[in-house]
Structures are given as C-alpha cells and as structure tokens.
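Here is the structure we will look at.
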Amino acid sequence: MPKFEWQEVSIDVDEDGFIEDPALWNEQVALALASTEGVDALTEDHWKLINYLREYYAKFGIAPMIRKLCKETGYSLKEIYDLFPSGPAKGACKVAGLAKPTGCV
Amino acid sequence: MPKFEWQEVSIDVDEDGFIEDPALWNEQVALALASTEGVDALTEDHWKLINYLREYYAKFGIAPMIRKLCKETGYSLKEIYDLFPSGPAKGACKVAGLAKPTGCV
Amino acid sequence: MAAEPVKRVTDIGPPHYGKYLPPVVKANYGKWVDHEILEPGVMVHIAESGAKVYTVRAASPRLISVNKIRAYCDLADKYCEGFLRFTSRNNVEFLTAKAENVAPMKKDLEALGHPVGGMANSISNIVHTQGWVHCHSAATDASGIVKSVMDALHEEFTHMRMPGKLRIALACCLNMCGAVHCSDIAILGIHRKPPKVETERLPKICEIPTAVASCPTAAVRPANISGVNTVEVIEESCMYCANCFTVCPAMKLNDAENDGLSIWVGGKVSNARHEPMFSKLAIPYIPNNPPCWPEVVDAVVNIVKIWSKNAQPYERMGEWIERIGWPKFFKMAGIPFSREHIDDFKHAGLTYKRSTHIRF
Amino acid sequence: MAAEPVKRVTDIGPPHYGKYLPPVVKANYGKWVDHEILEPGVMVHIAESGAKVYTVRAASPRLISVNKIRAYCDLADKYCEGFLRFTSRNNVEFLTAKAENVAPMKKDLEALGHPVGGMANSISNIVHTQGWVHCHSAATDASGIVKSVMDALHEEFTHMRMPGKLRIALACCLNMCGAVHCSDIAILGIHRKPPKVETERLPKICEIPTAVASCPTAAVRPANISGVNTVEVIEESCMYCANCFTVCPAMKLNDAENDGLSIWVGGKVSNARHEPMFSKLAIPYIPNNPPCWPEVVDAVVNIVKIWSKNAQPYERMGEWIERIGWPKFFKMAGIPFSREHIDDFKHAGLTYKRSTHIRF
Amino acid sequence: MPEQKFPDKLQELKSGAWPSFVKEIENAAQTSPMAKDLYGQLNQSYNEKIGHWKHGGIVGVLGYGGGVIGRYSDLPETWPNVSHFHTMRINQPAAWFYRAEDLRKVCDIWEKRGSGLTNMHGSTGDIILLGTTTPELEPIFNELTAIGFDLGGSGSCMRTPSCCVGPARCEWAMYDTLALTYDLTMTYQDELHRPAFPYKFKFKMAGCPNDCVASIARADMSIIGIWRDEIQIDQDAVREYAERGLNIQSVVVGRCPTRCMAWDSKELFIDNENCSRCMHCINVMHRALRPGNDRGATLLIGSKAPIMEGALLSSVLVPFLEIVPPYDDIKGLVNNIWELWAEEGKNRERVGEFIQRVGLANFLDAIGLEPEPEMIAFPRENPYVFYRTE
Amino acid sequence: MPEQKFPDKLQELKSGAWPSFVKEIENAAQTSPMAKDLYGQLNQSYNEKIGHWKHGGIVGVLGYGGGVIGRYSDLPETWPNVSHFHTMRINQPAAWFYRAEDLRKVCDIWEKRGSGLTNMHGSTGDIILLGTTTPELEPIFNELTAIGFDLGGSGSCMRTPSCCVGPARCEWAMYDTLALTYDLTMTYQDELHRPAFPYKFKFKMAGCPNDCVASIARADMSIIGIWRDEIQIDQDAVREYAERGLNIQSVVVGRCPTRCMAWDSKELFIDNENCSRCMHCINVMHRALRPGNDRGATLLIGSKAPIMEGALLSSVLVPFLEIVPPYDDIKGLVNNIWELWAEEGKNRERVGEFIQRVGLANFLDAIGLEPEPEMIAFPRENPYVFYRTE
Ligand code: SRM
Ligand code: SRM
Ligand code: SRM
Ligand code: SRM
Ligand code: SF4
Ligand code: SF4
Ligand code: SF4
Ligand code: SF4
Ligand code: SF4
Ligand code: SF4
Ligand code: SF4
Ligand code: SF4
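Chains as they are written, first to last, in my numbering: chain P, 587 to 691; chain X, 587 to 691; chain C, 174 to 533; chain F, 174 to 533; chain A, 119 to 508; chain D, 119 to 508.
Next comes the structure, spelled out in structure tokens:
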C-alpha cells in the first residue's frame, strides 16, 4: 500500500491516490490530497464542494450523482472542473476523502 | 343487518350468518353459531380447531390455508368435515368468529 | 319443504357419459373417419363402418329457462331418439343418423327462434359470463351485450363466408371468466376508479394481509387510520383490477359513471397454423350504454368487417394483423392509437418494437 | 519527460473523416450504386459515374503492435495512396481504384500473415474484448480463445461456402462488452462462485447502498458483522453476475477452479429477414483450458458444422434453429439439455413452450 | 312484469334475430317470483348502469366445501325474491351429452326449488342453476343426487373437468377425452368437493391440437391429443381437392407454419420431421390427410386468466404420453404436483404462477421430471444461471 | 521473453493460420519493457487460469472526466513494468478511415510513451491504446491533440459515437452516417469528456437495416437508415439473376419475412405496403432491386448488455425522420431525453432500463412525443391499464 506524504501528513493511499482509511481524513489531509490534483490552495468554493460531498456521503453512504452535485451546490460542471481539474469523481471525491467511485467507466 | 338470536346470545350477523363484529365473539357465541352449522355441542375436538383458528388469525391476520390447518391440528380433512359438516371455511371459521373467507369460489 | 330423500348420498360424480350417447355415436365411438359441413350449422360425420351422424347446431343465449330446455328435449325426442348435447361455446346440438331429419329439425329450431349455424368459417356463439344477472364483480352486463352484438352479426352465424373462424368472447370484469384473453375479439368490462375503502368496516370483515397481497401493483398497503388498523390505496398505483375487492367486500369499485368496456383483438386458442395467442388491446374504453350498447356493437361489427374483407383464407384475426402489422390495423379500423395501448406491466419491454421492420 | 507542447487544447474531437477518405471514395461519396464480391475478401463497389473501388479485407487479431500498424500503413502507401480503414469487426481494409493492385496486395497481406476474406457468406472476425490482457473483471482470456477458434475456422474466413453470414463474438464476463448477446455463436466467460466479501475493508472503499443496489437478484444486503457496517451475500440467491464486484472491489469473484465459459447461439443483429434476436444458451459450462481451449474450439466447430451442413441458403443460425426447433438442435449438436437451459429470470414464463407445436 | 319505477329497458332486447335471454327470464317469471324479481333488479341495473349484487356469499350443502355460489341482492327490500339468489354448479356429463329424459328431471327440480333459470353451461363446464335460497340447497342437492347428478366445484379445489366431444363425434380425437374426463372426475371427488388447495385447479381435455375446449388458455392442466408418427396422406384425395378448386399452394402449403410442405400439382410432400402437428393441412383437406397412428397427448400446465401476474397459457410439461386407463402415469404426476403446490404454493397462487415463482427447472426437480427441450420455446437469453458446483 | 517461473504457454498461440496476438506482444516487447511484462503476467494467467489486474483505477487528464481506464497489476513486484497499465481511448475518425501518415504519428507517440500495443479498435469504436503509466497521460494527451486526435469516452458520459462505412462505400446508405457521427461527436464534446449522466449513453449510426455497426444491439440511441416509398425493381435484372441460376422463389421470395413477394418466373412483384424493409431481397439481388428514394432513418432507443435487468434491443422511438444537417430535430430530442433521464434516472440506470421502469407512454409524454403504433410490436395483452378519467 503506497504511503502518501505531504508536509506533516502521512497516510496510506491506493494507487490512484485515494485515501485507504476514510476515518483518517481531516482538513489537512484534504489539502495534501488536493496538491496531487493540481489544486494548490483550497478556496471557499473548494470547501463548499468538499463539504457538500462529505455531508451527502455521511447521510446516504454514496457520492451524489453529478447533476445533483451541480444543482445543489450551484456550481456548473465547468466550474467544478475549474476547481478540480480532474473532475468531480477523480478530483473532488478524492480530496473529500470519499470511497473511490467505481463501476461506470 | 340480520340479528341472530340463540338462547341468551343476540348478535348481528351477515346473510351467511357470519358475525359482523368479531370483537363480540365469545364461547357462548361460538356455541350459538355452531347451532346453525349442524353442530349441537362443541366437543374438545371442536374447540381444538376453533382455538387453533383463532390463534392463527390473531397472529397472522388471516385464516390458515386448509392444508396447514390439517397438518397443525392433526385432523384430516374428513375429520374436519365430520366435526363441521359445512367444512372448514363456512363451518369452522364461522363458529370461530373469523372474517368471512372470500375470493376463491 | 318436501321430505328429504331416504338416503343422503355424496360424491357420486356426474352421470356416466355412456348413458347419454346417441346410439349411432355409441356404435361408432372412436371410429369416425371424416366429416363434411353440408350447410351452415349442419354437418355429417362418417364412421369406418360407413355409418353417418348428422349434427344440427343451433344458437343459444346460454341463459335459458327450464321451459326452453324442455323444448330442446322435445326436439330431441322428435328427431334424435331423445338425445342432445351442448357445445363448448354453449350452442345446442342435435345428432341423428337420419338425413331426412335434418331439414324439419332445422325448421323447428328456427321457428323456436334459434338460428342454425356457427360452423366452419363463421362466427359462433359468444362465450360469456354473468354480468349484472348474477355477479358482484361485474363492470357491465354480459347477456345484453352478447344479444346486441349477435343481433347485428347473426348473419355471420348463419353463413359461412368469413376467412376463418371468428371467436368472440365477453367477460364482465378482469377476472375474465371464459376465454376473453385468447379470443379473436374480446369484450371486457372494466372499472376506471380505485376502490372506495370502507376504512372502519374493513378490518371486521376482511383479512388485511390478504387484501394487501392481492394487489398486482402493490397499491394496497396496511394503514392505521384514526386508530383503526385497516388498509389504504395509493391511487396513482391503482389500475382498477378489482382483485382487492375480490378478497375484501369493503373495497368496492363499481361506479356507474366510469365503468365500461374495452375491446381486444387477435387472440386464438387452437394450435392450427399460429401458436395460441393472447388478445391485445384495440379500444381502451367505451362507456356502458344499456340496453343495446350501440358503440360496442359498432366497434365489433367494424372490426369484423375489415377483417373479413381483407384477411386471406384461414387467416384468423391475429394472424391477419400480424401479417399487415398493427399500425395498419389501427389505421384501417379507424382506431386512434393512444398511450393506453402501450403495455406498462411486467413484460412491457418485450412489447416494444425491437427492429426496423416497419411498414410505411 | 519531453517538454509539454506550447498550448494545451481540449475538446477538439476526432479528425474529420473527410481528410481520411481515399480520393475515389471522396469523389463518389454517397453515389455508389452496386457492388460485387469478386472472391473471398475482395469486393468492388461501382459508382453512378462508373468509378470503381476495390476493397481487400484482411484478418486482424485486433490486439496489434504499432509495428503492425506501420506495416499496414506501408501497404496503404504502396497500393492505396496512403489510405486504409478498419471494419466494425476489427478487420483491416484496403481500398483502391486500381484493379491491378488487388492481387499483389492480397499476396502481401497473406505474406504478412493476415488471411484475406471474411466477406459474404463466410465467418468474419470474432468480435471480442480484453480478457486477462487488460480487464479486472475477466473470467477468461479473450484473445487466446479467439486465436484458437479462428485457427480452427480460418478456412471459413477465406472461403464463402457458408449458408449465410456467421458472426461469432466473445466476452470475458457478463458485462458483455461487444455483441455477445446478439451473435450467431457467442462465447461468454462466466463465474460460478459467489463473491468473496472482504467484510472489513468493504465499507472503507465501497459505497454500501451502491453495492446493495447492484445485485439483480437482491442477494447483496447490508449487514452489521462484528460491529462493522458492511454487506453480506445470500449465496443461494447469487447467480455470479459480478455486478457487485463492478461497483465494489471488495467483492471479488474470480476463481481459477470454477471460472470458465458458456456457449450461446442463434442471435443476430441485422434486420435482414428475421428481426434481431438475442443469443440463447447452448452449452452452460466449459472449463478454462488455456492456452488453446480445445473444448471450446470443438464446441464451436461442431455447431458451425451442423449449421453449415443443414441450414438453407441465407438462413442464419437462429433462423435455422427456429425452423428445425430447439429439441432437434440439441439432438443434432449432441448437447445434453439441462436445467441451466431453462430461463428463471424476469421473463422466464415467456420462454416456456406455450403450444403443442412439437416436432417429434 | 313487475311494476317498476324504472322504464323497462330490457324490453328492447326481446326482438332481434338472436335468441333473447330476456324472453327466457320472462318465460321463467311466469311461474317463478324469483325470475320476476331478477327481471326487475336487472332492469334497474340497466337503468342505473350498475350491478346490484352484494359481495359473494358462503353457503353450501353438508359435507361439501363448494359447488354453490352464494349471492344476495343489495336491494332486498325492492326485490325480496332475489334477496337470496345462489347459483348451484352441477357437474355436467362429459362432453355435454344428455338424455332428454334426465334433463327434464333436472328442470323439474329447478322449477320447483329454484328460479327456473339456468346456464347451459358455465365457462368451466358445469350446468349452472341460476338462483335459489339457502334453505333450498340441501333439498335440491338430495333430489339431484337421487337422479344421478352431483355438484361441481367452486373454491380452492379441483374444478369440474371438461372435454371436447372427442371420439364421440370427431375423427381427430387422439385419445378418449370423455373417458379420461370421467375417470379424473371420479378419482378426485374429494378434491372436487372439499377445497384444500392454495387456489383452484382446472383440467381440460382436448382430443387434438385444434383444442375445441380452449384448454390451453384456461386449464391448470391441459391434456391435448397429438401423434408422433407421420401424417397419413391419400395422394388421390389430395389431387381431388385440387381438381375441385382448392388452391393447395396458397391455402394449405402457404399457411403451414413450419413451411415443411411442398406441392408440385401432383404430389403433396410433408417433411414430417419438421411438421409441428398444427393440424392446419389436415383441417383443410380432411379427406386426404389424417394424423398418424402413434397417438397420445401432450400434457401442458398452468394457464389462467390475468389476475394477478398476467394471463398465462399452458406450457408443455410432458411432450408425449400414451393415454390409457387407468391413467396411472397422469395421476402419479398430478399427485406429485398437488403435493408440492399444496405444500409450497401461496394462498391464491395458481399452479402456473407458482411455477413462474419457483422456476420451471426447480418445479421439475420437485415433481420428479427430467428437463426436456420440448418444454421450452427457446433456451434462456440471460446469463443469470444458478450454476451448481460441488 | 523474460525469465519465468511458469512454462511459456503463450508460445503455443504463435503458430496457426490466424494472425497471432502473442506475436504482436512479442513484437512490441522488443522495445517496450511494458509489453515484456504484459507477456509475463499474461503467461502467468494462462498457467494459473486467473487474471492479475486489480479492480479499476481512476486516472485521467486534466479537464476531462474520462477517456482513460486505470489499471494496476496485482503482481507489481513480479511484473513491475505493468504495475501501471492504463488504456487510453482515442476517438476514432468516423467509419475508421485513416491516412497512413497520421496513423504513424499515433504509433510514434504510443511507442515512445506507452506499451506500443493497441486495439484497432475497441468495441465501442475507439482506438484503444493499451497500457501506459499515470505520469505519461498528460504528455500523451497533449501530443495527441497536437496531431489532431482527442480522447474518447468512458464513465457516465456520452460514449464515442460510431457508424458503418455508409455513403463512403456502400450503395445502401440511406443517410450520411459519417457526417451525423462527426456532427454529434462535435456537438456533444462536453457530454463526451465530462461524465454527468446517470450512466453511459451510446450512439451508433447504421446506414440501412443491415445494421453493419450492430447499433440495435448496443447503442442507447440507434439511428438506422430506412426508406418509405417503394423498392425500385429492374425486372430485366431480376430475370438475369434467374437465368444465372438464382432460385428466386426459394431464396428470395421464400425467405421474405412478410411473405409479401411473388415471382412468376417473369415478373417480380412486391406488395410494398406489407414490405417491412428488411433488406433481404435487396441484399440478394442488389443489381436488380434498390431501396426507394424517400430516405431517412428510424430512431431507436435503449439497447444494452444484460447487466442488470437483462439485455435490451433498441426499440423504435421515431419511425421515420429525414436526416439533414444541422440535425436539429435529433438534437432537440436527444436534449429532451438527456434532460429527463439525467433528472429522473437512477445511478447506473441506462436509458433503456429507465424507460422500462417509468413506462414508454410516460417517457414519451415527458420528452414530448406522441405515441405511435410503430413503436410497439403489439398492444398490451394485460388489462392493467392506468386509465385517466377527469
Ligand atoms: C362442437 C365443438 C366441440 C365441442 O366439444 O363442443 C367443435 C367441433 C368441431 N371443431 Fe372445433 N369445436 C368446438 C369449439 C372449438 C374451439 C373452442 C372455442 O371456440 O372456444 C376452438 C378453438 C378456437 C380458437 O382457436 O380460438 C375450435 C377450433 C377448431 C379448429 C381450428 C380453427 C382454426 O383455424 O384456428 C378446427 C379446424 C377447422 O375448423 O378447420 C375445428 C374443427 C372442428 C370440427 C370440424 C371437428 C370435427 O371433425 O368434428 C368440429 C366441427 C367444426 C365446426 O363447428 O366448424 N375446431 N373449436 C365446439 C363447437 C363450439 C361452437 O358451438 O361453436
Ligand atoms: C465493412 C462492414 C461495415 C463497416 O463499416 O465496417 C460491412 C460491409 C458490408 N456489409 Fe455488413 N458490414 C460489416 C458489418 C456487419 C455487421 C456488424 C457485425 O458483424 O458486428 C452486420 C450485422 C451482423 C448480424 O446480423 O449479426 C452486417 C450485416 C450485413 C448484412 C445482413 C446479413 C444477414 O443476412 O443477416 C448484409 C447483407 C448481405 O451480406 O447480404 C451486409 C452487407 C454488407 C455489404 C455488402 C454492404 C455494401 O454493399 O457495401 C458490405 C460488404 C459485405 C461483406 O463483408 O460481406 N452486412 N454487416 C462491416 C464488416 C465487418 C467485418 O469485418 O466482417
Ligand atoms: C360462473 C362462471 C362464469 C360463467 O358465467 O360461466 C364464473 C363465475 C365467477 N368466477 Fe370465474 N367463473 C367461471 C369460469 C371461469 C373461467 C373459465 C374456465 O373455467 O374455463 C375463468 C378463467 C380461467 C381461469 O381459471 O383462470 C375464471 C376466472 C375467474 C377468476 C380469476 C382467476 C385467476 O386465477 O385469474 C376469478 C377470481 C377468483 O378466483 O377469485 C373468478 C371468480 C368468479 C366468481 C366466483 C366471482 C368472484 O370474484 O368471487 C364468479 C361468480 C359469478 C356468479 O355470481 O355467479 N373466476 N372463471 C364460470 C364457472 C361456471 C362453471 O362452473 O362452469
Ligand atoms: C474496451 C472495451 C472492450 C474491448 O476490448 O473492446 C470495454 C471494456 C470494459 N468495459 Fe465495456 N468495453 C467496451 C465496450 C462495451 C460494449 C460494446 C459497445 O460499446 O458497443 C458494451 C455493450 C453495450 C452496452 O453498452 O451495454 C459494454 C458493456 C459494458 C458494461 C455493461 C453495461 C451495461 O449497462 O450492461 C460494463 C459494466 C459497467 O459499465 O460498469 C462495462 C465495463 C467495462 C470495463 C470498464 C470494466 C469495468 O467493469 O469497469 C472494461 C475495461 C476493460 C479494460 O480493463 O480495458 N462494459 N462495453 C470496449 C470499449 C472500447 C471502446 O471504447 O471502443
Ligand atoms: S367475469 Fe367477473 S363479473 Fe363476470 S362472472 Fe366472472 S367474476 Fe363475475
Ligand atoms: S383495484 Fe387492483 S390495482 Fe387497484 S388497489 Fe385494488 S388490487 Fe390494487
Ligand atoms: S467483457 Fe467483462 S472482462 Fe471483458 S473487457 Fe468487458 S468488462 Fe472486462
Ligand atoms: S455476483 Fe451478481 S448475483 Fe451474486 S451477489 Fe454479486 S451482484 Fe448479486
Ligand atoms: S379438439 Fe380435436 S378431437 Fe376434440 S373436437 Fe376439436 S377437432 Fe375434434
Ligand atoms: S400439420 Fe401443420 S405443420 Fe404439419 S404439415 Fe400440416 S400445416 Fe404444416
Ligand atoms: S449498414 Fe447498410 S449502409 Fe451501412 S454499410 Fe451496412 S449495408 Fe451499407
Ligand atoms: S425488403 Fe424484406 S420484407 Fe420487403 S420485400 Fe424484400 S424480403 Fe420482403
């Protein structure tokens, strides 16, 4: 299992860089993971998305469908890609510490 | 709604002689209803069947299927007809104060 | 009341058919080799031995009085050595070994008001059910519609000029007593309103789990309404099948305004040529219009006409439509195609058109 | 790593096909009037203008190296003004206006090890998938079986002596990437053991509701196992489809012992004659036997043989079987009929034989 | 006719070419007050467009669980003579043959104790005696048995079996439908009269694939005659048909569903291996073509009306069986089926629905039959196979 | 080949008449360590009868949500060079036409930065570049766009549309399949690259009912060319076929599914009203018969592989549509469908499954189409109608 180290953060991640144990996620970890996704700083916009994702996941046990994400956060798909260049699944979910999206590829 | 009177018993029944309000059933009523089904006295065997029917109904909200009735009470279908000449549905259920069996005719 | 017979017997079963077979039938039982339909409603069967039995078939309204049965019996005595039979479509048949009996018997039957016919490529009797005459479940009457339709079609009973056999059936509710689900033309009584639940009375007279289990679309669910354990109906999920009413009197659907009929076509039972087929929806709704249901009569007559004009020999309704395609059928019949025609039950997907085999 | 190109562009889409059409194609685009298949793998198309384009089609294993592509390109340069195309079944095609180029090009292709053929009533390339070469989901390999089967059948690629087209497809798991579900013969990788649930790891890496929802037979259900909220599998309800694994890595099904293949027949895609049809189960299970899967090869060759010997001209596999009946197919193919053949999913009842149309 | 507050709409159904049920009711009403009130209530329905019967009743005769359909008017005050209006189902003789003498006796009983109205016959096959009261049930039953008639079935029982005219008057009967019907009826008197199944179970016997009793559409077990060997052709007779103007190519050969025939204007050829025994060519040219001599029946299972999973047609259970008394193979199979279905079937689940729920393969296993390809139209299309590994 | 602890089973697949993928891997392995380890791992799979890839990865290029399938070996220590082995899906040019010049450029990029192995093509239609590492993805993408290629689709997006050769080389193309494919691909670049649907959505364009791109079996929207007017018959050419030995009666007329043809050895007759445009007669006698001139396409919807409700074939949505740029009618319809399905579809529910769940009639309502009888094979058989009363 690869170790991912960034500043003081050191966590186990899988090959795709997704966190292995979601329980270990915190804001620092988010920042650390963001760095791998071409995101230098987490702005308010980033946090709005991350928080929405985490809350949704906590409530329903799944990541929201993307249309729902856009609708409920008010960001267009384009804006999400601007915030997380590798997109909502690979980028935002990773930073938010969610289970890796699967299946539909 | 026809009134059915027998000795001290006086209850509302439908045209088929089934009790209208199952809450009013008691052993005396059973005896009364039995008289309409060609049963003069309720023997231990009759009560075994009646009690089984009532317990099953209380538990599941339905009358048992006849095969189950035979199996669980140990009476053959013939014995049941001997006890209640108009059979388990029309005879035994009526005496036991169950809702009138429907449908499958 | 009269005194009971001395000995009460049970389980004797029906009379043995052996007692009831006409002599010529008994003598040639299982030894028939051919038959010929001589004229509408009259046929002869020929046995190995060369023996012949002539059959005269007459229409019957099925709902008959004992006096009518006695009249049949008199005819049987007069021409058929006291024997007669009924058919699987409720016609009455008189069998005789004597060719010379046919003509007078036919005359007598017609005098009695019972047309002779229904054989070969014709329209036979309408298989039907109880309707308002006897059933609690009926969304329409049965006998009245049958009478009205057959009044209009009787010439097709007494002639043999159809492309093939045409079987009409009627059922007064979705229970479909009879063979409505597999008929060339089927007339079906329907409800169009959800059950009216007698909330309080229901638990006293109905088994709640049975009522809940009875609904094909799970529209019935247990509910506690002001303290009473009863059921409620999710009205959007109800398609008015009345199965809940069948098991629970406190869920009545009958509705004078909204009940009515639907017309179905293209079913068949026999294995001749095409495998048996179900009837398919042609006309979703026609209002009840007693006593003569003119809209139903027109609809049926119209469908009979376009079929008889266009089908090839021995092409039953469903076979014909399969050849020309449903779009053409709707067009020829002048029936508007609507959302009701599109299946949305269990196997609906299989009824979608999964090819480009389109006729333009 | 090399420096990035100056400007990062996105969403440019594929190259416009216009750039890639051979000149004769471009000139006669949309103006073709006829074609003729001249010999196996060679055809000519004729345009309104009288112009002709010759096509030579060669087999390809689909999994090819860049060097092989370069070799194709060289041929394209040599004979086809630098143009080439691939087909929807992964063969490679060379188009030229020059009739005289056909023979040498064919020779070159054969020298390169790529048989020319696959046209008209022959067996074309096997549409297939990734297998052990790339996919996590594979219950078998793809390329190896394809190679083994086509080694045995290559003469049917290079000849045109079949009753009709025969389309074979292979998919390495029930996801059925490709067209296995509508092929004359389909080879399908299957699992036969339920998923092994990694109980503790599962909630960390999988969405539990998604895993539960993924199961067509509701065999996956949420469970709390020694304090962990995870899922469990009701093994009797599992039919090994692996959809749970698709959405959840912690539910692996691969099993060296029990994985294997099944053979399906009688599907088709084209609307020619019969409407498109799904493939139907012929052989429920054949074990994996790499590298040459002889049992699979034998099974396929056997089915090809009985079909090609018995079908009428232009009768595809499914059309032929429909004519002779499935009982006869099983008999002729020597395949024992077993409980696995009988459908038990959603529409199973519709697959039961609902007539007496039996051939004895 | 009784005085009514509604216009007499039924009147309009007395004229016309088709025999009138209204006239029949009127006729009975001359002597029966019941029939008179039936007329009245029915006429009220015709005016109001709604039926006036209460939800089912449960009445019967001693020792039987079925055979009577209880019925009460919901307007007993307006139409007191139909306040009770139960029907009795009387088990018809096989193939509906009667001797006038006996039929008259039935009429007499019914005139005396019932409405005098009947259905000849009900859809299942019984004689339907339309309308009597609860107290009359026992006497009627006893008088009927005295003349040799017994009740038919209602409720969750084996229903009254019925059959086509078969060998009594048809050259195509591949087995004796009347004998089998009578035998099954007698063998299963207890199952007929004392409902103990999850739901109803109907038998219908047809002598050949023409299925003149619609068994494949409405019998839980359909027994349909069939042959296994070759169709017998009399080529001279075929030519005669042609000479007399039958277009054999289009009407016979052209409609053969398996396209297994050929006609060269001299000889008719049938590829019997591909013939699906549909009867069409035989039906059309009965003088020239006859079924083969290796005769028996196909057993099919499970047809029914739509409620509740959608209508079903019967499907093949035993592709071919010789039908010979005492029919032990059929009865053995029936017993196994009933045993299983009675044990595992849900309340109000017909055997056809039961099979769909548990799966045909499992059903076959449980009743001890081997799967055969004749049982299916085609093998499964979905790959959702419950493989059995060790 | 690398040293192995397993016997080299793959070797056996190098001989034989069919071109060998093993030789292709070997060929690439000469320069690519990745291809070398692929050989090794695959050979291990052949020995162990099991695959060695871990469950899917999620990797990609910036700004795109798909186009790359992440893949990792579960034996990274044994086969380090395939520890990453991602495939890239490259959007093929319509109908898979290439200029050698450009194709060589793709090869060069892939040789330099990937395994040197490809699939020409994937089942959806893309060029599949088999195996590279995460760090190479961005550079490859940039180099590809520089030569005019872009990624195809993966994930819950519009997938790479594809089409048959159509008007480029086929006389039966009823519309321009390549033009429509290109146009839809370009119009929906965003939907292709940035997954935002409930599940995948595939388009396949076939020029005529022969459907050479199997669109009816594996496209959420299948657009299949068709004509409405009469088949054009050249009777002389028909006779020529006959003279040259074609048995028109049995091979052409006898296989017409609607039996709407007749041939009297002189003239071929087609009852065009009953012709279902199946193409068979045209396929067989292409010199004599040609489709009509009123041309367009049928739009069908919903086909897919079995998971999870069982495989579906596409079914008719629009019986006939003229196909003319800018295709606004198609796009309007597609937008309505996507809008509805994206809003109401469940996660991983293909549009075909969605329609089955909500019902075709409701679906039509929601996307603004009127029901037409061409959309169904036959009307409903069950009486479970959701009537709408006022
Ligand atoms: C008397 C009766 C049997 C009985 O036991 O009562 C009977 C008797 C004959 N049928 Fe029938 N059929 C009888 C109901 C049926 C039914 C059942 C039904 O209608 O409910 C069917 C299936 C109908 C369906 O498919 O929906 C039926 C489908 C046939 C067929 C197949 C017709 C077809 O092309 O599909 C034939 C063959 C023929 O007529 O060519 C046939 C042929 C015959 C023959 C010719 C058999 C024979 O050689 O004796 C008999 C006279 C035919 C006629 O009436 O034209 N019989 N026949 C039934 C008469 C009913 C009536 O009063 O009209
Ligand atoms: C090149 C290609 C289209 C492409 O864009 O790549 C193509 C090209 C032609 N097809 Fe096709 N078909 C091609 C894949 C298909 C497919 C799709 C598939 O196989 O996955 C089908 C549907 C198959 C199915 O039903 O399962 C297909 C079903 C047909 C048919 C109908 C055959 C039938 O009887 O069912 C015809 C008509 C015919 O051949 O008589 C046809 C006819 C043709 C013609 C004659 C059309 C023409 O006039 O140019 C072309 C040459 C035929 C040949 O190869 O015999 N093409 N054709 C495809 C070649 C694939 C290959 O390499 O073998
Ligand atoms: C009398 C008869 C109609 C007729 O006029 O001929 C009849 C009448 C009734 N049928 Fe029936 N069925 C009659 C033959 C049929 C048939 C046809 C057949 O048996 O060949 C069917 C279709 C085949 C089948 O069994 O599926 C039939 C399918 C039903 C059903 C639906 C059963 C199902 O599984 O879908 C019901 C509802 C039920 O069982 O609860 C039903 C229920 C009823 C009830 C008892 C009404 C009810 O909901 O309780 C009707 C009583 C009417 C009355 O008041 O007199 N009846 N019923 C037929 C019996 C006469 C006889 O014994 O000869
Ligand atoms: C590469 C390709 C197979 C090939 O070798 O050609 C492929 C490969 C995969 N498919 Fe596929 N599918 C490919 C064409 C198809 C097709 C055929 C088509 O598009 O014409 C189908 C059937 C049609 C359909 O869409 O239903 C297909 C139906 C599936 C499914 C089942 C989808 C369904 O709704 O039933 C899955 C499972 C999923 O989506 O989770 C799937 C999933 C997959 C995954 C991503 C595995 C997974 O479970 O996540 C495979 C990745 C393999 C790998 O490691 O490289 N693939 N997949 C094809 C794409 C190449 C390309 O872009 O050109
Ligand atoms: S069809 Fe319905 S209404 Fe008519 S008799 Fe049967 S159950 Fe009664
Ligand atoms: S009428 Fe039918 S659909 Fe409606 S609630 Fe009752 S059982 Fe359900
Ligand atoms: S069929 Fe299955 S194993 Fe093969 S490539 Fe597709 S998803 Fe992978
Ligand atoms: S393999 Fe398929 S059937 Fe088995 S548990 Fe997983 S999803 Fe369900
Ligand atoms: S089913 Fe066959 S045997 Fe019986 S009457 Fe009809 S034609 Fe004759
Ligand atoms: S019985 Fe039917 S299938 Fe057999 S030859 Fe005659 S018409 Fe054809
Ligand atoms: S689908 Fe039709 S138009 Fe397209 S290549 Fe095939 S035959 Fe030609
Ligand atoms: S296209 Fe097909 S349906 Fe039309 S005439 Fe030709 S073969 Fe017959």
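Positions of the beta carbon are idealized from the N, C-alpha and C atoms, including for glycine.
Across the set D/239, D/303, D/250 and D/310, the C-alpha of D/310 shows the shortest separation from the C-alpha of residue 271 of chain D. Within chain C, the residues 190 and 258 have their CB atoms less than 8 Å from the CB of residue 213 of chain A, given in chain order.
Judged by their CB atoms, residue 289 of chain F and residue 215 of chain F are nearer to each other than the 8 Å cut-off. For residue 473 of chain A, the uninterrupted alpha helix (DSSP H) segment begins and ends at 469-476. The C-alpha of residue 500 of chain A lies about 40 Å from the C-alpha of residue 193 of chain F. Judged by beta-carbon spacing, residue 359 of chain F lies beyond the 8 Å limit of residue 167 of chain D, meaning their Cβ atoms are not closer than that value. The alpha-carbon of residue 268 of chain F is positioned some 51 Å away from that of residue 527 of chain F. Relative to ligand 2, residue 337 of chain F has its C-beta within less than 7 Å of a heavy atom. The closest heavy atom of ligand 6 lies less than 7 Å from the beta carbon of residue 411 of chain C. Ordered by chain, the residues meeting the criterion of a beta-carbon within less than 5 Å of a non-hydrogen atom of ligand 1 are C/208, C/260, C/261, C/262, C/264, C/291, C/292, C/293, C/297, C/338, C/340, C/441, C/442, C/443, C/445, A/282, A/283, A/288, A/328, A/330, A/332 and A/401. For the stretch 184-200 of chain A, residues whose beta-carbon sits nearer than 8 Å to a beta-carbon of chain X comprise 184, 187, 188 and 190.
Residue 297 of chain F is positioned such that its CB atom lies no closer than 8 Å to that of residue 334 of chain F. Membership of residue 335 of chain D in the alpha helix (DSSP H) is indicated by the continuous run 333-336. Any Cβ of chain F closer than 8 Å to the Cβ of residue 598 of chain P would place that residue at the interface, and such an atom is absent. Of C/530, C/338 and C/182, the smallest CA-CA separation from residue 440 of chain C is found for C/338. With a cut-off of 7 Å, the C-beta of residue 318 of chain C is classified as distant from ligand 10, since no heavy atom of the ligand falls inside that distance. By the C-beta criterion, the stretch 311-329 of chain D is judged to be in contact with the stretch 291-299 of chain D, since at least 3 inter-stretch pairs fall below 8 Å.
When only Cα atoms are considered, residue 232 of chain F and residue 491 of chain D end up about 43 Å apart. Here the distance from the Cβ of residue 304 of chain C to the nearest heavy atom of ligand 5 is below 7 Å. Around the beta carbon of residue 660 of chain P, a 10 Å sphere encloses fewer than 16 other beta carbons of the protein chains shown; the residue is thus reported as exposed. Inside the stretch 396-457 of chain F, DSSP marks whole alpha helix (DSSP H) runs of 4 or more residues at positions 416-420, from first to last along the chain. Counting only the Cα atoms, residue 395 of chain F lies some 12 Å from residue 647 of chain P. When rounded, the separation of the alpha-carbon atoms in residue 285 of chain A and residue 443 of chain A is 15 Å.
For the stretch 614-648 of chain X, the beta-carbon criterion of a distance under 9 Å to any beta-carbon of chain C is satisfied by 643, 646, 647 and 648.
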